[in-house]
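First comes the structure, then the notes that go with it.
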Amino acid sequence: MIDTSILHKAFADRFGRVGIAYAAPGRINLIGEHTDYNGGFVFPGAVEQSITLVISPNGTDRVNAYAIDLQLEASFSVNDTDGPSDVNMRYVYGVVREMIAAGVSVAGFDVVYGGDVPLGAGMSSSAALECCFATALNDLFGGGRLDRMTMAKIGQATEHKYVGVMCGIMDQFASMYGRKGSLMRLDCRSGEYEYFPWNPEGYKLVLVNSSVKHELVGSPYNDRRRSCERVAQMAGVETLRDCTWRQLEELRPRLADEDYRRARYVLGEKDRVLAVCEALQRGDYEEVGCQMYLTHDGLAKDYEVSCDEIDFLVDEARRVGVTGSRIMGGGFGGCTINLVKEGLYDRFCSEVKNSYKNRFGIDCQIIPVLVGNGARRL
Ligand code: GLA
445 MIDTSILHKA
455 FADRFGRVGI
465 AYAAPGRINL
475 IGEHTDYNGG
485 FVFPGAVEQS
495 ITLVISPNGT
505 DRVNAYAIDL
515 QLEASFSVND
525 TDGPSDVNMR
535 YVYGVVREMI
545 AAGVSVAGFD
555 VVYGGDVPLG
565 AGMSSSAALE
575 CCFATALNDL
585 FGGGRLDRMT
595 MAKIGQATEH
605 KYVGVMCGIM
615 DQFASMYGRK
625 GSLMRLDCRS
635 GEYEYFPWNP
645 EGYKLVLVNS
655 SVKHELVGSP
665 YNDRRRSCER
675 VAQMAGVETL
685 RDCTWRQLEE
695 LRPRLADEDY
705 RRARYVLGEK
715 DRVLAVCEAL
725 QRGDYEEVGC
735 QMYLTHDGLA
745 KDYEVSCDEI
755 DFLVDEARRV
765 GVTGSRIMGG
775 GFGGCTINLV
785 KEGLYDRFCS
795 EVKNSYKNRF
805 GIDCQIIPVL
815 VGNGARRL
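Set out below in structure tokens:
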């Protein structure tokens, strides 16, 4: 998390008074990728990297926002029906409008925000931004009335309606419900969730950011979702969660090969999440790692959301003897998530950095994972 005093100072310089600070984290996901919008299971945790804001109501109907990292400012009325065109500010505007639609009387406010969730790394900086604003506005204008799931859904609706990414609920759920030291298993169909203490003795979780910016806005992310929906519809089920292997094979002759492969990945991932849960109960991290590699194969070959740089990072992990490695998040760039034996950690970091630079001429960034708390007032 960034040093909040920087934001307090920027707020005071800009608006001449004192504000209140809130933070909401990005996330990792151990396994269960592209399963959320298919009604399946996900296994995320919040990270310490967060979006932080300093805010104060201003007694008008206007929102005056300043994004300190991007040096971007915007001013709009909470009653504005179009909102700002800048995509970054549309997240702020979308949350304001969705909070109002949920019955919270949001009025004007001044705000400065920033953070240390790397943008475009697949760590859900946008969900962190949405959840941070939802938490602050719920507190300041709603008397804390909305529950966390409602706020997560407000973040998701913001993506759908104001940004055009038809995402699932995983990222916003993780940002709202994160708990230090625990991963969570969420059943995206029922909304039931469980905390799993994450303390894999002898192993570390580490992200490698490929520096290839993943951008879900306007990306084929929505096409993947549509493929899944087509197959579910033909199988006569609401989501692929309820589609069996047998149903899929029976449908195969009538499916476009691409749609078939997308669904094959999703059904496989459903099985892998359950295999990982059982392996975790036994403390069998080697099995967890095997499943991570299998997920990557499916995401690369059947779901086709990887890229050369990421495939290289996963191959390097395998070569060095890392227990598990795969692309994380929506795909099309971003990070790999790696389960690494402590004794191998230093060698893995230095070898992967060097070989990546030699191969692509760009630096990758090693990000150790610390599982942190969800959205909150500071
Ligand atoms: C993005 C979306 C999530 C989820 C992941 C893939 O992060 O926002 O809802 O679909 O991709 O698992």
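Sequential numbering of the sequence shown, starting at 445, is according to the working numbering.
Just so it is clear, CB atoms sit at the ideal spot from N, CA and C, and this is done for glycine as well.
Model, not experiment: these values are computed from the prediction.
Remark: C-beta atoms of residue 466 and residue 497 approach each other more closely than 8 Å. Its chain contains 821 as the residues whose beta carbon lies nearer than 7 Å to that of residue 583, once the 5 sequence neighbours on both sides are disregarded; these appear in chain order. Per the coordinates, the alpha-carbon of residue 737 lies some 15 Å from the alpha-carbon of residue 728. Contact between residue 652 and residue 734 does not hold, since the beta-carbon distance rounds to 19 Å and is not under 8 Å. Unbroken alpha helix (DSSP H) stretches of 4 residues or longer found wholly inside the segment 610–656: 614–621, given in chain order. DSSP, reduced to helix, strand and coil, places residue 779 within a strand of the structure shown. Residue pairing from DSSP places residue 467 in a beta bridge opposite 496, 820.
Non-local beta-carbon contacts of residue 760 in its own chain, meaning distances under 8 Å to residues more than five positions away in sequence, involve 795, 796, 799, 800 in chain order. At least one heavy atom of the ligand GLA lies closer than 7 Å to the C-beta of residue 614.
Under the 8 Å Cβ criterion, the segment 603–612 does not count as touching the segment 683–699, having fewer than three qualifying pairs. Secondary structure of residue 809 (DSSP, three-state): strand. Secondary structure remark: continuous beta strand (DSSP E) runs of at least 3 residues inside the segment 710–741: none found.
Cβ-Cβ separation between residue 505 and residue 551: approximately 6 Å, consistent with a contact (criterion under 8 Å).
Here residue 589 carries a coil assignment [DSSP, helix/strand/coil].
Beta-bridge partners of residue 554 (DSSP): 500, 508. Within a 10 Å sphere around the beta-carbon of residue 516 sit fewer than 16 other beta-carbons, which makes this residue exposed. Boundaries for residue 698: no alpha helix (DSSP H) harbours it, and the DSSP string shows neither H nor E there.
Residue environment analysis places residue 598 among the buried positions, since at least 16 neighbouring C-beta atoms fall within 10 angstroms of its C-beta. In the three-state scheme derived from DSSP, where H, G and I count as helix and E and B as strand, residue 516 is classed as strand.
Between the segment 782–791 and the segment 753–769, the count of Cβ pairs shorter than 8 Å is three or higher; the stretches touch.
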